[in-house]
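Asker: Residues 991 to 1156, numbered by this note's numbering, are exactly what the sequence shown covers, in order.
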Amino acid sequence: MVRILGLDPGSRITGYGVVDAGARGLRYVASGCIRVGEGEMAARLLAIHRHVSELVDAYSPGEVAVERVFMARNPDSALKLGQARGAALCGACGSGARVFEYAPRAVKLTVTGSGNAEKAQVMHMVKSLLVLEGRLSADAADALAIAVCHAQHRNGAARLRPGRGR
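1. Assign residue 997 to one of three DSSP states: helix, strand, or coil.
2. Please name the residue, chosen from 1074, 1065, 1079, 1098, that lies closest to residue 1090 on a Cα-to-Cα basis.
3. Just the C-alpha distance for residue 1050 and residue 1100, rounded to the nearest angstrom, thanks.
4. Where does residue 983 land, buried or exposed, given buried means 16+ other C-beta within 10 angstroms?
5. Any idea what DSSP makes of residue 1042, helix, strand or coil?
6. On the criterion of 16 or more Cβ atoms from any shown chain inside 10 Å, does residue 991 qualify as buried, or is it exposed?
7. Just to confirm before moving on: does the CB-CB distance between residue 1054 and residue 997 stay below 8 Å?
8. Using the C-alpha atoms, what's the distance from residue 1021 back to residue 1123?
9. For the alpha helix (DSSP H) containing residue 1110, name the first residue and the last one.
10. What are the start and end residues of the beta strand (DSSP E) that includes residue 1081?
11. If you draw a straight line from the alpha carbon of residue 1029 to that of residue 1129, how long is it in whole angstroms?
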């Protein structure tokens, strides 16, 4: 059993999702959003770092999965996203947990079966896979999708290692 913290970094809202993954499948632990608002970028980055560090302290993940930066149409937006991602990674690395990165398309493909899935499809599948009811924010659903993606990839990698199985 390993605890996975999934992070969907953003310069204003960073989604997080925590799942336990093991031989019996996935178990939902927690999810939510870190909302840092509209202030100065340096203050927002510090807040992201601090909140992610607090999540790591609270949930003690063994592994952290983060969405890889994609090139947006607006270079300024991509730069801000990269800075937010860096702050989240720094907050996550303090625990010694291993960090893994996944492209948005790979996350969608793993969770829904389509790399072109819409946000609503991703949210639906996350809720279905983790047996969740009620409201789930889009950012938290994306973070949980990243954690689920990592769980699926790590399980596949374990099956491919020599010396396992029959």
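Just so you know, even glycine gets a beta-carbon here, dropped at the ideal spot from N, CA and C.
Answerer: The relevant details are as follows:
1. Shown here, residue 997 sits in a strand according to DSSP, grouped into three states.
2. 1079
3. Those two C-alpha atoms are separated by around 25 Å.
4. There is simply no residue 983 to check, as the chain begins at 991 and stops at 1156 in what is shown.
5. helix
6. exposed
7. yes
8. 13 Å
9. 1109-1119
10. Unbroken run through residue 1081 is the alpha helix (DSSP H), 1065-1083; no beta strand (DSSP E).
11. So the two alpha carbons sit approximately 20 Å from each other.
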